[in-house]
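I have placed the structure first, in the form of C-alpha cells, so that the comments after it can refer back to it.
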Amino acid sequence: MPYATVPDLAAWLAPEPAPPNAVRLLTLASQRIDRALLGAWYDPADAEVVEVLRQATVQQVHWMLERGDETEAQSDLQSMSTGIRSFSKRALRDGEQTQKLAASVVDLLRTCGLFRFDPLVVG
Numbered sequence: 003m004p005y006a007t008v009p010d011l012a013a014w015l016a017p018e019p020a021p022p023n024a025v026r027l028l029t030l031a032s033q034r035i036d037r038a039l040l041g042a043w044y045d046p047a048d049a050e051v052v053e054v055l056r057q058a059t060v061q062q063v064h065w066m067l068e069r070g071d072e073t074e075a076q077s078d079l080q081s082m083s084t085g086i087r088s089f090s091k092r093a094l095r096d097g098e099q100t101q102k103l104a105a106s107v108v109d110l111l112r113t114c115g116l117f118r119f120d121p122l123v124v125g
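Sequential numbering of the sequence shown, starting at 3, is according to this note's numbering.
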C-alpha cells in the first residue's frame, strides 16, 4: 500500500496534474522506500514517520517522472541512441550500485532519523 495518495502527489506536483498512472508510481515509489529502509527500525504508526514516508514517496515519484524511467530499466545507461539501437552502460566502480532513490529522499530519510540501523541483539 502506498505511503502517499494521488491528492498528495497532485499537491506536490502542482501546478502540474498527477499523471494517469499515479497509483502505480506511488506504489513503486513506496516499494523503493521500503527497500531502502529494509532492516531499519521505526514505528510505522507514528504520525511523524507517516508524514516523512508520505513526503519521501511524492519526492521519489517526482524524481521518477523527471527521469522518465519508472521501471529502472535505464538506471545504468550512460547513453542511448535511436534508429539502429545503441546502448552504453555506465561503468560502475567495485561495489557501486545504480541510483534507485532520489537524493532528496535519502536526505529526508537521514535527517528525520529513519536511516537508523540499530543492531538487533537476541538472547
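Don't be surprised by glycine CBs; every beta carbon is placed ideally from N, CA and C.
What's the call for residue i, buried or exposed, on a 16-neighbour Cβ count within 10 Å?
i    : result
T113 : exposed
A47  : exposed
L40  : exposed
D194 : Residue 194 falls outside the range modelled here, since the chain spans only 3 to 125, and no answer is possible.
A105 : exposed
Output needed for residue i: all residues of its chain with C-beta closer than 6 Å, excluding positions within five of it in sequence on either side, in chain order.
i    : result
A75  : Caution is warranted here: a pLDDT of 49 is assigned to A75, below 50, making its placement in the model unreliable, and no coordinate value can be reported.
V107 : A58, Q61, Q62
Y5   : S32, L55, R56, T59
Short of 8 Å in beta carbon distance, which residues of its chain neighbour residue i, apart from the five on each side in sequence? Order them along the chain.
i    : result
E50  : C114
L111 : I35, A38, L39, V54, A58, F117
D45  : V51
When the Cα of residue i is compared with those of the options, which residue comes out closest?
i    : options              : result
R34  : V124, M3, A12, P9    : M3
W155 : L27, A38, D36        : Outside the displayed range of the chain (3 to 125) lies residue 155, so it cannot be described from this structure.
L15  : G125, E68, L30, W43  : E68
P21  : D45, W43, V52, G70   : G70
L30  : G125, V123, L103     : L103
V25  : V8, G125, D109, V123 : V8
### Task
Could I get the ranges of all uninterrupted alpha helix (DSSP H) runs contained in the stretch 3 to 66, with 4 residues as the minimum, in chain order?
With a minimum length of 4 residues, the continuous alpha helix (DSSP H) runs that stay inside the stretch 3 to 66 are 8 to 15, 24 to 38.
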